[in-house]
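Numbering that gives the first Met the number 0 applies: residue 0 is where the sequence shown begins, and numbers increase by one.
Here a beta-carbon is modelled for each residue, glycine too, at the ideal position from N, C-alpha and C.
To start, the structure itself, in C-alpha cells.
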Amino acid sequence: MSLPEFIRSELPGVSRSDRTLVLSRPIDADVASQLSQHLMLLDREGNDPVRLMLTNAPGGDAEAACSLVDVMRDMDAPVTVIAGGGVQGAGLLLLTGTDEQHRIALENVRFRFEPPEISAAAGESVEDVADRKADLERRVVRLLTEATGQSGARVREDLASHTSLTAEEAVMYGLVHRIIMRSDRS
Numbered sequence: 000m001s002l003p004e005f006i007r008s009e010l011p012g013v014s015r016s017d018r019t020l021v022l023s024r025p026i027d028a029d030v031a032s033q034l035s036q037h038l039m040l041l042d043r044e045g046n047d048p049v050r051l052m053l054t055n056a057p058g059g060d061a062e063a064a065c066s067l068v069d070v071m072r073d074m075d076a077p078v079t080v081i082a083g084g085g086v087q088g089a090g091l092l093l094l095t096g097t098d099e100q101h102r103i104a105l106e107n108v109r110f111r112f113e114p115p116e117i118s119a120a121a122g123e124s125v126e127d128v129a130d131r132k133a134d135l136e137r138r139v140v141r142l143l144t145e146a147t148g149q150s151g152a153r154v155r156e157d158l159a160s161h162t163s164l165t166a167e168e169a170v171m172y173g174l175v176h177r178i179i180m181r182s183d184r185s
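Structural data, given as C-alpha cells:
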C-alpha cells in the first residue's frame, strides 16, 4: 500500500521502513501527528507487529507524547518499542504505550527522566498554566507508575531529580522488559 500524500512528506528525524518507524528527534505536535498517521496506517494494513525505534529521542512535548501513547494503546497490531542511544523526557513516555514484554533496550541506551514542561498560551492566566501543568504531571506519573510498577512518589522523585538509568537499571525499574545485546544480534 502506498503512503497517502500527507504522510509521504517526511519530517527530518522520523522515517518509516516496512513496519518499522524510527524516531530520532524531539517530540512535538508535528512529530506526534506524523507518527500517529504512520501508526494508524500500519494498523489498518494488518495485525503484523509494528516496531518503533527510539534512537537518540531527546524528549520534547509530553502532551504530544501522551497523544501518541493513546494511539499506540488503541492499535490492534502489537507495537514493540526499541530504545537506543539516549531516550529522555517525552521520549521515555512512548515506552508506556505498549505492554511490558514489548519494551526493549539496546545494550548502550541511556534513559533520563525529565519533568514535563508546558508553555503558556497568549493571554492564559498563571493559574490556568499551573492547573494544566499539574494535570500533565499527574498523567505522566500515572503512565509511568502503571508501566513500571514503581510508586507515584518514586516516579515524581525521579522526574524532579532527572534520574538517569542504564539498560540494566531500566530492566530492574520495570521500564523495559529486556536488553538486546550485541551478541544476540550476530
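| Asked | Found |
| --- | --- |
| In angstroms, rounded to a whole number, what distance separates the CA positions of M180 and G59? | 28 Å |
| Is it right to say Q100 is buried, meaning 16 or more other beta carbons lie within 10 angstroms of its own, or is it exposed? | exposed |
| Any chance you could list the alpha helix (DSSP H) runs of at least 4 consecutive residues sitting entirely within the segment 87–168, in chain order? | 89–92, 125–147 and 151–159 |
| By the three-class DSSP mapping on this structure, what secondary structure does V30 have? | helix |
| Using DSSP with H/G/I as helix, E/B as strand and the rest coil, what is A82? | strand |
| According to DSSP, is A56 part of a helix, a strand, or is it coil? | strand |
| Going by the beta-carbon positions, is the gap between L22 and L67 smaller than 7 Å? | no |
| According to DSSP, is R177 part of a helix, a strand, or is it coil? | strand |
| Below 8 Å on the Cβ atoms is my contact criterion, and I expect I103 with I81 to pass it. Report the Cβ-Cβ distance as a whole number of Å. | 5 Å |
| Taking the straight line between their C-alpha atoms, what separation do you get for V30 and E123? | 25 Å |
| Given A166, which residues of its chain have a CB within under 6 Å of its CB, disregarding the five upstream and five downstream residues? | A104, E106, V108 and I178 |
| Would you mind stating whether T147 and F112 have Cβ atoms separated by less than 7 Å? | no |
| Measure the C-alpha to C-alpha separation of A89 and T97 and round it to an integer number of angstroms. | 15 Å |
| Do you know how far the Cα of T95 is from the Cα of M171? | 16 Å |
| Should L51 and V78 be called a contact, given that it needs their Cβ atoms to be closer than 7 Å? | yes |
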